[in-house]
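Peer 1: Note that the sequence shown covers residues 1 to 462 in this note's numbering.
Using N, Cα and C, we set each Cβ at its ideal position, and we do this for glycine too.
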Amino acid sequence: MNKTALNKAVLSLRKSIGRDKVITDPYMLDQFSRDETSDISEFPAIVVRATSVTDVSKTLAICSKYNIPAIPRGAGTGVTGGAIPVKHGLVLSVEQMNNIIEIDKENMFAVVEPGVITKTLQDAALEHGLMYPPDPASLDSCSIGGNLAEGAGGPRAVKYGTTKDYVTGLEFVLPNGAVINTGGKIVKNATGYNFIGILVGSEGTLAVITKIYLKLIPAPPAVIDLLIPFDSIDKALNIVPLLLQNRIIPSTIEFMEEDAIKLVKEFLKEEIPFGNAGAHLLIQIDGDSEDDLMKDLDRLNNLINTKYEIIAANTKIQKERLWKTRRSIRESIKNASSIFFGEDTVVPRSKVPVFIKDIKTYLNTESLRSIIYGHAGDGNVHINILKGDMNIEKWNKLVPKIKKYIFKKAIFYGGTLTGEHGIGLTKKNYLNLAVSKEGIELSKRIKAAFDPNSILNPGKIF
Ligand SMILES: Cc1cc2nc3c(=O)[nH]c(=O)nc-3n(C[C@H](O)[C@H](O)[C@H](O)COP(=O)(O)OP(=O)(O)OC[C@H]3O[C@@H](n4cnc5c(N)ncnc54)[C@H](O)[C@@H]3O)c2cc1C
């Protein structure tokens, strides 16, 4: 990057959006050099903390003028390196654009700025008796803008879908600074190309999202959470298609293998109910009334064959206790091995057991420790491989080989590379396993139409 251009850009930014929003102090820059991806970081040259769409527009126009890479950033919880400034340049943080502009109870919509934390929106909607269903496990810390950019999902996707199913309107800024609006508080829209469809999952490579219209739904009055232990992962996973075929549609069906449960137990230093079972399913059922739930529970009991007791949670404290194990898995992995990688491959639901069996058999031949858990209801399997005390040279050689094996297996079973975490940096070398040459060419032409000088989040996806 040209140093003179960089200095001129800093002066220009300070003049047009204000000194306090432009950061060049190395100590401060450090916080923006990484996200939640294990073992990758790179320093930006500048950070801008935007507080309005005008700040975003002016910043991008200046980046375009001086040919400086601009990397959009929400809360920095991404796990595929999407917000890491690999080509240095300017990190454009929208963290402070965190206003809930409106909760429209009558039309059941929320209008928000991109920096709003997902849980904050959920709580605000709930105060009006409404629900924003997408619930990434990181919901306490990730932002809605980041959720859109990654196409985030969560446990409730099995019944309610993912982020893409709730976006009805956007304001976004092109790399040249132009501001575009599309859609709004409307449930249908067939007006021209679907910009929302292109931008959700675009990982900050096409435009910066500055305002979002989201559909809300009435919050279900009755909700129950169940922890169901099984002897083996196969027994747990084979239940999933059976439930759905029998018209029991839980809002979540999460699974955790035995090693995941044991790791969390060690990390939290707490007893976990049936901590020695072969696998757990964490199922949430919601409905209009307690009676509805009881009917579903009876039918579920008849379908499920386990020697263990089913633990039900009705109160907030009981529910939090059940979900604590699931939400602590990633931290437990980090604690056990600071270097690891995690993939969120997706396969058809019925293929999850055989897919996991293949992966485990392969990893055993390489003497690697893995922790597998995820969204059983969506076939979205989180496979984490821990470096542990393996020699780093050996690890670095093995990682590409293992990733390739996992992705090829997922594709073999009719699946794909990622269900919700995106491609970012960590999967870009494998994109061609899932997307044809022509598909990649078309994607590059879409990128060029939005960003002809390739300044927005360069080095990601392709
Ligand atoms: C413990 C843990 C659990 C997780 N669980 C889940 C889960 O269940 N489901 C799931 O889907 N993910 C999960 N994630 C991953 C992560 O939280 C999501 O990808 C989340 O959507 C990222 O949001 P963020 O605000 O942190 O984005 P960031 O990390 O800041 O950015 C992610 C990407 O979005 C782009 N971006 C951010 N804001 C904008 C914007 N306004 N305009 C354009 N581009 C933008 C960035 O350039 C980057 O490419 C988890 C992560 C952790 C650490």
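How far does the alpha helix (DSSP H) with VAL346 in it extend, from its first residue to its last?
Peer 2: Element bounds for VAL346: not the alpha helix (DSSP H) but the beta strand (DSSP E), 340-346.
Peer 1: Would you please state the rounded distance, in angstroms, between the beta carbons of PRO85 and MET97? I believe it to be under 8 angstroms.
Peer 2: No, PRO85 and MET97 are not in contact; Cβ-Cβ is about 19 angstroms, not under 8 angstroms.
Peer 1: Starting from TYR66, trace the alpha helix (DSSP H) in both directions and tell me its first and last residue.
Peer 2: Run containing TYR66: 53-66, per the alpha helix (DSSP H) assignment.
Peer 1: Note down the Cα distance separating ILE117 from PRO133, rounded to an integer number of angstroms.
Peer 2: Going from the Cα of ILE117 to the Cα of PRO133 covers about 14 angstroms.
Peer 1: In whole angstroms, what separates the C-alpha of LYS119 from that of THR162?
Peer 2: Between LYS119 and THR162, the C-alpha separation is close to 15 angstroms.
Peer 1: Just to confirm my understanding: we take ILE17, look at its own chain, exclude 5 residues before and 5 after, and list those with CB closer than 6 angstroms. What are they?
Peer 2: Excluding residues within five positions, the ones whose Cβ falls inside 6 angstroms are ASP55 and LYS58.
Peer 1: For LEU35, count the other beta carbons within 10 Å of its own beta carbon; 16 or more makes it buried, fewer makes it exposed. Which is it?
Peer 2: Note on residue identity: the sequence assigns Asp, not Leu, to residue 35. ASP35 comes out buried.
Peer 1: So, ALA9 versus PRO175, is the Cβ gap smaller than 8 angstroms?
Peer 2: The answer is no: Cβ separation not under 8 angstroms.
Peer 1: Could you check how far apart the C-beta atoms of LEU293 and ALA222 are, in whole angstroms? I think they sit under 8 angstroms.
Peer 2: So it is a contact: roughly 5 angstroms between Cβ atoms.
Peer 1: Just verifying my parser: in three-state terms, what is the DSSP assignment at LYS215?
Peer 2: Three-state result, LYS215: strand.
Peer 1: Give the straight-line distance between the Cα atoms of GLY82 and LEU303, rounded to the nearest whole angstrom.
Peer 2: Taking the straight line from one Cα to the other gives about 42 angstroms.
Peer 1: Counting only the same chain and skipping the five closest in sequence on each side, list residues whose C-beta sits under 6 angstroms from that of ILE217.
Peer 2: These residues qualify, in order along the chain: MET131.
Peer 1: Quick one: Cα of PRO229 to Cα of PHE267, how far?
Peer 2: Taking the straight line joining both Cα atoms gives about 20 angstroms.
Peer 1: What's the C-alpha gap between VAL173 and LEU6?
Peer 2: Going by the C-alpha atoms only, they are around 22 angstroms apart.
Peer 1: Less than 6 angstroms between C-beta atoms, sequence neighbours within five positions excluded: which residues of the same chain meet that for ALA410?
Peer 2: If we look at ALA410 and ignore the five residues flanking it on each side, its Cβ neighbours are THR345 and VAL347.
Peer 1: Which runs of the beta strand (DSSP E) fall wholly inside the stretch 227-306 and span at least 3 residues, in chain order?
Peer 2: If we require 3 residues or more, the beta strand (DSSP E) runs fully inside the stretch 227-306 come out as 252-257 and 279-287.
Peer 1: Just the Cα atoms here: how many angstroms apart are LEU126 and ILE103?
Peer 2: About 10 angstroms.
Peer 1: Considering only heavy atoms of ligand 1, does any lie closer than 7 angstroms to the CB of PRO136?
Peer 2: Because some heavy atom of ligand 1 lies under 7 angstroms away, the Cβ of PRO136 counts as near it: yes.
Peer 1: Candidates LYS262, ASP286 and THR418: which alpha carbon is nearest ALA277's?
Peer 2: Among LYS262, ASP286 and THR418, the Cα nearest to that of ALA277 belongs to LYS262.
Peer 1: State the beta-bridge partners of THR182 as determined by DSSP.
Peer 2: DSSP, once it has assigned bridges, lists LEU170 as partnering THR182.
Peer 1: Report the residue ranges of all beta strand (DSSP E) runs contained in full by the stretch 358-405; include only those spanning at least 3 residues, in chain order.
Peer 2: 369-375 and 380-386, all fully within the stretch 358-405.
Peer 1: Give the range of the beta strand (DSSP E) segment to which LEU92 is assigned.
Peer 2: LEU92 -> beta strand (DSSP E) spans 90-93.
Peer 1: For GLY76 and PHE274, I'd like the C-alpha separation in whole angstroms.
Peer 2: Roughly 35 angstroms between the two C-alpha positions.
Peer 1: Around the C-beta of PHE412, are 16 or more other C-beta atoms found within 10 angstroms, so that it is buried, or is it exposed?
Peer 2: Exposed, by the Cβ-count rule.
Peer 1: Taking ASP378 as the reference, which of LYS460, LYS159 and PHE43 has the closest Cα?
Peer 2: Of the listed residues, the one whose Cα sits closest to ASP378 is LYS159.
Peer 1: Nearest by alpha-carbon distance to LEU13: which of ILE68, SER38 and ILE40 is it?
Peer 2: When each option's Cα is compared against that of LEU13, the closest is ILE68.
Peer 1: Tell me whether LYS360, by its Cβ, gets closer than 7 angstroms to a heavy atom of ligand 1.
Peer 2: Outside the cutoff, so no.
Peer 1: On the criterion of 16 or more Cβ atoms from any shown chain inside 10 Å, does GLU290 qualify as buried, or is it exposed?
Peer 2: Exposed, by the Cβ-count rule.
Peer 1: Does any C-beta atom of chain D lie closer than 8 angstroms to the C-beta of LYS215?
Peer 2: Given the protein chain composition of this structure (a single chain), no chain D is represented.
Peer 1: At a threshold of 7 angstroms, does ILE209 count as lining ligand 1 (C-beta to nearest heavy atom)?
Peer 2: ILE209: yes, Cβ under 7 angstroms from ligand 1.
Peer 1: Going by CA-CA distance only, name the one from LYS408, ILE423, SER443 and CYS63 that's closest to ALA178.
Peer 2: Looking at the Cα atoms, CYS63 is the closest of the given residues.
Peer 1: So the alpha helix (DSSP H) ASP30 belongs to, where does it begin and stop?
Peer 2: Run containing ASP30: 26-30, per the alpha helix (DSSP H) assignment.
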